[in-house]
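Taking it in order: structure first as structure tokens, then the write-up.
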Amino acid sequence: NNNKIAAIVVTCDTVNNGNRDQTYKNPHWLQALQEEVGGFPKPCCLPQDDCVLPSIAEEGHSSSMTWDDIRWMKVECDQHKFALVVKGIMTAQDTREAVRVGVDAVIISNHGGRQLDGTMGTIEILSDCVAAAATTRGTVMMMRRRTTTTEVWIDGGIRRGKDVAKCLALGAKCVFIGRPVLWGLGVGGQDGVKRVLEIYQDEFQTVLQLLGCSNVQALNEEYVEDQQPRRQNERIVVRDNWLWTTTTMVAVVAFVLGRLSSTR
17 NNNKIAAIVV
27 TCDTVNNGNR
37 DQTYKNPHWL
47 QALQEEVGGF
57 PKPCCLPQDD
67 CVLPSIAEEG
77 HSSSMTWDDI
87 RWMKVECDQH
97 KFALVVKGIM
107 TAQDTREAVR
117 VGVDAVIISN
127 HGGRQLDGTM
137 GTIEILSDCV
147 AAAATTRGTV
157 MMMRRRTTTT
167 EVWIDGGIRR
177 GKDVAKCLAL
187 GAKCVFIGRP
197 VLWGLGVGGQ
207 DGVKRVLEIY
217 QDEFQTVLQL
227 LGCSNVQALN
237 EEYVEDQQPR
247 RQNERIVVRD
257 NWLWTTTTMV
267 AVVAFVLGRL
277 SSTR
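Per this note's numbering, numbering of the sequence shown is gapless, rising by one per residue and ending at 280.
Structure follows, in structure tokens:
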């Protein structure tokens, strides 16, 4: 029934599962979850074609997806009046491609950090993706004479109301919450989820008040400072001070030893 479906979300960062040692060692929680919800839908994947990397059809993994597939999905979704959202974007380049295809939104996501170990945090690349989307939208409008309204959404590591404020200030149009909702569900069921969302809402409103913002639209990137460069500079200063102190002490000791040797 088309009236019950608003959007289709395509997860593009699971061509295979990452190295999830704890999951593989303790699979019982997944089996219990399947029994609780009555089982999961049977997955499927795209044809292999000429892709070198293997696909695992029974697990729903496919290594052959390309932007041509996303473009085909967009045409199909438009015909049925569905929005198409691509989840798992982690680069400005992929954001630009998504805007060119015309998807309705991209979700900046690293799959909760459970796929590619050591990848950047989503908020670290959010500004680059927002800028890429804005410039590409302008280019598409000039070159193709059509309007594209691709929005940038984000998830990953959103643990407090202030995190929501940061993401919105950096240009995200929507912020998703993952694990805290599940924690609330596990502790208190529906009431637990409701309480988690209330905490987020209260904290978010408090942050806006303390920043002096009367509404969400007043947030902008000037309210967020990237402390990583400053911390890096502080480490450099500490290192340089240590080198200077060590070098000075060595020079003093060498001078004293030289004076002692000359007096003998």
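Glycine included, each C-beta is placed from N, C-alpha and C at the ideal position.
Fair warning: this is a prediction, and the values are worked out from it, not measured in the lab.
With respect to the 7 angstroms criterion, Thr166 and Val240 are not classified as neighbours on the basis of their beta carbons. For the set Met265, Glu238 and Gln217, the Cα lying nearest the Cα of Gly187 is the one of Glu238.
Per DSSP, the continuous beta strand (DSSP E) segment holding Ala121 begins and ends at Ala121 to Ile124. For Gly172, same chain residues with a beta-carbon under 6 angstroms away, outside a window of 5 residues either side, are Ser125, Asn126 and Thr138 in chain order. Taken atom to atom, the span from the alpha-carbon of Asp85 to that of Leu259 is near 56 angstroms. In the structure shown, Thr27 falls within a strand segment according to DSSP collapsed to helix, strand and coil. Between the C-alpha atoms of Asp179 and Met265 there is a straight-line separation of about 46 angstroms.
Within the model, the alpha-carbon separation for Lys97 versus Ala149 is close to 23 angstroms.
Here the alpha carbons of Thr155 and Val117 stand approximately 13 angstroms from one another.
When the five nearest sequence neighbours on each side are left out, the beta carbons in the same chain lying within less than 6 angstroms of the beta carbon of Glu113 are those of Trp83, in order along the chain. Fully contained in the region 75 to 111 are the following alpha helix (DSSP H) runs of length 4 or more, in chain order: 83 to 95.
Looking at the DSSP output, Glu167 sits in a beta bridge with Ala121. Counting along the chain, the unbroken alpha helix (DSSP H) around Leu227 starts and ends at Arg195 to Leu227.
Judged by beta-carbon spacing, Ala185 lies within the 7 angstroms limit of Asn236, meaning their Cβ atoms are closer than that value. Scanning its chain for C-beta atoms nearer than 8 angstroms, with the 5 sequence neighbours on each side dropped, one finds around Ile24 the residues Met89, Cys93, Phe98, Ala99, Leu100 and Val101, in chain order. With 16 or more other CB atoms across the displayed protein chains lying within 10 angstroms of its CB, Thr164 is buried. The C-alpha of Leu224 is placed about 7 angstroms away from the C-alpha of Ser230. Contact check for Leu201 against Val209 passes: the beta carbons are separated by less than 7 angstroms. As the crow flies, the alpha-carbon of Ile105 is around 8 angstroms from that of Cys28.
Annotation for Gly177: the continuous alpha helix (DSSP H) segment containing it runs Gly177 to Ala185.
Proximity to Val232 across Thr107, Gly177, Leu276 and Gly129 peaks at Gly177, based on C-alpha coordinates.
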